[in-house]
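Protein chains in written order, with my numbering: chain X, -5 to 87; chain S, 44 to 256; chain P, 9 to 552.
Each residue gets a CB set at the ideal place from its N, CA and C atoms; glycine is no exception.
This structure is a prediction, so every number in the text was calculated from the model and none was measured.
See structure below.
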Amino acid sequence: MGREIRLYIIVWVALMALLTATVALTFAPIGPLKTASNLGIAAIKAGLVFWVYMHLSKQPGLERVAALAAVAWLGILFTLTAADLLTRGWFHI
Amino acid sequence: MNGDLIVHEPYAGVEQQRAADYMGMYVFLGSEIMLFGGIFAALFAVRLLHPHAPFVAAAHLKIWLGTANTAILLTSSLFVAAATVVVREGRRRTASALLAVAVLCGVAFLCIKGVEYRIEYLDGLMPGIGPKQSPIRDAPAALIIDLYFISTVLHAIHLSVGVVLLGTLSVLLLRQDPAAPPSPITVVMAGLYWHLVDIVWIFLFPVLYLPRP
Amino acid sequence: MTTAPWVNAETPEEKVSYLRAGHTLRSWLFSTDHKRIAILYLLAISFFFLIGGLAAAAIRLELISPTGVFLSNEGYNRAFSMHGIIMVWFFLIPSIPNTFGNFLIPLMIGARDLAFPKLNLLSWYIYVIGGCFTLYVLIMGGVDTGWTFYTPLSSIYANGHVVAVVAAVFIVGFSSILTGLNFIVTVHKLRAPGMTWGRLPLFVWSHYATSLVLVLATPVLAITLVLLAAERLFGLGVFNPALGGDPLLFQNLFWFYSHPAVYIMLLPGVGVVSELVAAAAHKRVFGYWFVAYSSIAIAVIGFLVWGHHMFVAGQSPYASAIFSFLSLVVAVPSAIKIYNWTATLYKGSISLDPPFLYAMGFIGLFVIGGLTGLMLAMLAIDVHVTDTYFVVAHFHYIMVGGTVTAFFGALHFWWPKITGRLYPLAWGRVAALLIFIGFNFTFFPQFILGYLGMPRRYHIYPPEFQTLHVMSSAGASILGLGYLFPLVYLLWSLRNGKPAGPNPWDAKGLEWTTPSPPPKHNFEQIPVVTEEAYAYPPLGEDST
Chain X
-5 MGREIRLYII VWVALMALLT ATVALTFAPI GPLKTASNLG IAAIKAGLVF
45 WVYMHLSKQP GLERVAALAA VAWLGILFTL TAADLLTRGW FHI
Chain S
44 MNGDLIVHEP YAGVEQQRAA DYMGMYVFLG SEIMLFGGIF AALFAVRLLH
94 PHAPFVAAAH LKIWLGTANT AILLTSSLFV AAATVVVREG RRRTASALLA
144 VAVLCGVAFL CIKGVEYRIE YLDGLMPGIG PKQSPIRDAP AALIIDLYFI
194 STVLHAIHLS VGVVLLGTLS VLLLRQDPAA PPSPITVVMA GLYWHLVDIV
244 WIFLFPVLYL PRP
Chain P
9 MTTAPWVNAE TPEEKVSYLR AGHTLRSWLF STDHKRIAIL YLLAISFFFL
59 IGGLAAAAIR LELISPTGVF LSNEGYNRAF SMHGIIMVWF FLIPSIPNTF
109 GNFLIPLMIG ARDLAFPKLN LLSWYIYVIG GCFTLYVLIM GGVDTGWTFY
159 TPLSSIYANG HVVAVVAAVF IVGFSSILTG LNFIVTVHKL RAPGMTWGRL
209 PLFVWSHYAT SLVLVLATPV LAITLVLLAA ERLFGLGVFN PALGGDPLLF
259 QNLFWFYSHP AVYIMLLPGV GVVSELVAAA AHKRVFGYWF VAYSSIAIAV
309 IGFLVWGHHM FVAGQSPYAS AIFSFLSLVV AVPSAIKIYN WTATLYKGSI
359 SLDPPFLYAM GFIGLFVIGG LTGLMLAMLA IDVHVTDTYF VVAHFHYIMV
409 GGTVTAFFGA LHFWWPKITG RLYPLAWGRV AALLIFIGFN FTFFPQFILG
459 YLGMPRRYHI YPPEFQTLHV MSSAGASILG LGYLFPLVYL LWSLRNGKPA
509 GPNPWDAKGL EWTTPSPPPK HNFEQIPVVT EEAYAYPPLG EDST
């Protein structure tokens, strides 16, 4: 078995562990931290898939930017939409 | 790395063509991220306006089926990633078998999803149809369920495309001629698509199934 | 490096001209040659420009009288909705990128074709399928939602063919995405040896910026339209407050695409004008890097301003303040371009050819459109003129005065390259003047109308507005004539025009080093680039 495939299996084990963790945390009494932990773990899982399975680790910087630009743009969409939704009730005319 | 030797129209060489393929696929996947991003933005907005709604909605979804499906998809991605390695080593039969396992995983995912939809149909959760009224009285929570259907159906469509794609490649790889299509780069590209569909699910799962107060 | 097998596979016919490489319909409809696909697009968008123009003619005719002329309320709503939908998605967005971008980008960067020729052809077929849906809707009676499909009108109350037209826009969006993807990869990966980023023509820079917007914004529109269709078909409530949704969310998602879409329309025109100005002045573009990066800046900042469409829609006033500020910021890169074009012309040996007249028209109209845009970006003024003809006039100055003028400028500049024939320059000058005069006659009165309070999307209006409306309609007939005129002499030139030769404007750029029309594979050998773009001889040494 080659080095690459061994790495892929390690990543798979990590992904499974993270899945177990996120489900376990759902039933843990940590209240509002659940959303943060669930999304944080999802981000780590997605990062692992992007970085290893999707070969981003072997790509030059340009390809990494191309693959991840959409994530930054989603950030714009979420931030400015939230700027509207969150402050809408602050001001009564 | 053999099998990449076919150079198509606008390219001067193999390296240039490979680089363009990678970049084109990443850019395409970026547009897919934006497509699903719109649904996530809608889920995000409903959650901001009605913070309790995701909890109510998630209580009606089958968390264990969702968890099983997540595990299945993550496993399928392992096999696809492995296939892209062996196919570049010229081991076409092994690659074909690995892709076949991934296809089976994808089919299993779709079957479990179908079982879930069946349960939800009987529970009256589907918008507009079903044997009885929806048990959810809270409109924002019902809205989250509606978005659950839209996003998971869109995801299932993407996954079905992936199953057909990988299934075709798996059959084609059985041919012994190393120069016959698919070239390794085609398998890698299909794999990238498969992994992105996986990543979409990695986010749909906690956003839809896991919220608990 | 392996030599590709097709490099020396040209038949003598193909070496002569891409137009002669096959004469059958099949050789056109299944061609993956970017130049032929550009022609296919040119024909398709011209068709939709004509239909959208007929809808505009109906609108202007109806508005001659304060009580309406021949349309019902419903009919008028459908006329302006179809005008907007067809012009935005089936003409303006694909206009310059899919015709001139398609034709010129490979030629300008020294490539044989776009990175993915089959995807390029596919994008045209997707466009045609979307177009067929639109024609179906048109024949069945149209929609009355306006081009913006605002909820809850579109989701609940509208009684036109909303789902079908939404499907049309959804489908045509994928043609945009494929084009954007193709351009991005082409510019990154297929530049000829020596063609560094600093040597790229500004036309290519602005198309690169456009492509970023196409790829990143269009999918959001697609999913928004899916949610809208689901709301209409299955009663989902994402945009329905009674069901826990938020009607403003539709506007947020819609304008996240549609404001950047304005830059999809504008940026290619900006690229065209940079080429036209440099060629007319026979000078290097002043401040090359500023013009290049301002395109990228417009594309990025363009994503941060969408809330200025929602100032009076119930959006949070705090968000409005942020959006207002960001909207003013986008004026900076736009102004940089105007200053640099002006500086480029300074002391240039300017030839008053038709392309240059169009470029000057673009600059003048874009300045007026841009400055009124600044007025609209300011919260207080916008509240006063929201949904009036002031807004209508503003965006027509950008989209028609800007983009369409640039489109005609590009058509007049590269027509000799595309067809190998020269058109009569005098007629070209007349058409350019007709368009400029007709345009201002049509739309300047609308600024005044709007500021006085004439709301958009009404065909019944107080009689005191009639003079201005009649002026506008009269101007529209001049404008329409101006647009039809080139059709006559350009088609005439196909048979009777003088052969153009490779470089009729004595311009710089790789596309002018090929024969006109270019051979099938563009270059006999991939050129090696050794000088910057616009390497015109220094002032005073120019013999022409």
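| Item | Value |
| --- | --- |
| Indicate whether at least one CB of chain X lies closer than 7 Å to the CB of Phe258(P). | no |
| Between the alpha carbons of Ala88(S) and Phe242(P), how many angstroms are there, rounded? | 21 Å |
| Report the residue from Pro170(S), Pro97(S), His238(S) and Val130(S) whose alpha carbon sits nearest the alpha carbon of Pro225(S). | Val130(S) |
| What three-state label does DSSP hand Thr396(P) in the structure shown? | strand |
| Taking only beta carbons into account, state which residues of the region 302 to 334 of chain P come closer than 7 Å to chain X, listed in chain order. | Phe311, Leu312, Gly315, Gln323, Ser324, Pro325, Tyr326, Ala327 and Ile330 |
| Within its chain, find whatever has a CB closer than 8 Å to the CB of Val516(P); leave out the 5 residues flanking it on each side and keep chain order. | One point to set straight first is that residue 516(P) is Lys, not Val, in the sequence displayed. Here the set comprises Ala286, Ala287, Ala541, Tyr542, Ala543 and Tyr544. |
| Compute the beta-carbon to beta-carbon distance between Lys105(S) and Ile193(S), rounded to the nearest angstrom, for a pair I have assumed lies under 8 Å. | In fact, because the Cβ distance is near 18 Å, the residues do not count as touching under 8 Å. |
| Could you tell me if Thr0(X) is buried or exposed, where buried requires 16 or more neighbouring beta carbons within 10 angstroms of its beta carbon? | Rather than Thr, the amino acid found at residue 0(X) in this sequence is Arg. It counts as exposed. |
| Would Ala(-1)(X) pass as an interface residue toward chain P - the criterion being a Cβ-Cβ separation below 7 Å? | Correcting the residue type first, residue -1(X) is Ile in the shown sequence and not Ala. Not one chain P Cβ lies under 7 Å of Ile(-1)(X). |
| What's the call for Asp514(P), buried or exposed, on a 16-neighbour Cβ count within 10 Å? | exposed |
| Whole beta strand (DSSP E) runs in the region 88 to 170 of chain P with 3 or more residues, listed along the chain? | none |
| Ile70(X) lies in the alpha helix (DSSP H); which residues open and close that run? | Gly55 to Thr81 |
| Starting from the C-beta of Ala64(P), find all residues in its chain whose C-beta is less than 6 Å away, skip the five residues before and the five after it, and write them out in chain order. | His91 |
| Let me know the alpha helix (DSSP H) ranges lying completely inside the region 329 to 403 of chain P, each 4 residues or longer, listed in chain order. | 339 to 353, 362 to 385 and 387 to 393 |
| How many Å lie between Leu190(S) and Val246(P) at the Cα? | 8 Å |
| Per DSSP, what are the beta-bridge partners of Pro183(S) in this structure? | Pro183(S) is not bridged to any residue. |
| Please report the distance separating the alpha-carbon of Ala414(P) from that of Thr81(X). | 41 Å |
| Would you list the residues sitting across from Pro463(P) in a DSSP beta bridge? | Thr396(P) |
| State yes or no: is the beta carbon of Leu186(S) nearer than 7 Å to at least one beta carbon in chain P? | yes |
| For chain P, check one thing: does any of its Cβ atoms lie closer than 7 Å to the Cβ of Met68(S)? | no |
| In three-state DSSP terms, what is Pro178(S)? | coil |
| Around the Cβ of Ile200(S), are there at least 16 other Cβ atoms within 10 angstroms (buried) or fewer (exposed)? | exposed |
| Would you say His264(P) lies against chain X (beta-carbon separation less than 7 Å)? | Just to set this straight, residue 264(P) is Phe in the shown sequence, not His. For Phe264(P), the answer is yes, since a Cβ of chain X falls inside 7 Å of its Cβ. |
| Give me the DSSP bridge partner(s) of Arg429(P). | Pro507(P) |
| Should Tyr397(P) and Ile376(P) be called a contact, given that it needs their Cβ atoms to be closer than 7 Å? | no |
| Helix, strand or coil: which one does DSSP assign to Met203(P)? | coil |
| For Arg58(X) and chain P, any beta-carbon pair shorter than 7 Å? | no |
| Does the beta carbon of Leu275(P) sit closer than 7 Å to a beta carbon anywhere in chain X? | no |
| I'd like the span of the alpha helix (DSSP H) that includes Met48(X), first residue to last. | Here Met48(X) belongs to no alpha helix (DSSP H), and DSSP marks it neither H nor E. |
| Could you list the residues in the region 4 to 18 of chain X with a C-beta less than 7 Å from some C-beta on chain P, going in chain order? | none |
| From the beta carbon of Ala77(X), is the nearest beta carbon of chain P less than 7 Å away? | yes |
| Roughly how many whole angstroms lie between the Cα atoms of Phe141(P) and Ala8(X)? | 48 Å |
| Taking the alpha helix (DSSP H) that Asn260(P) belongs to, which residues open and close that run? | Pro255 to Ala289 |
| Under 7 Å, do Phe452(P) and Gly410(P) count as touching if we go by C-beta distance? | no |
| Please check if any C-beta of chain X sits within less than 7 Å of the C-beta of Phe98(S). | no |
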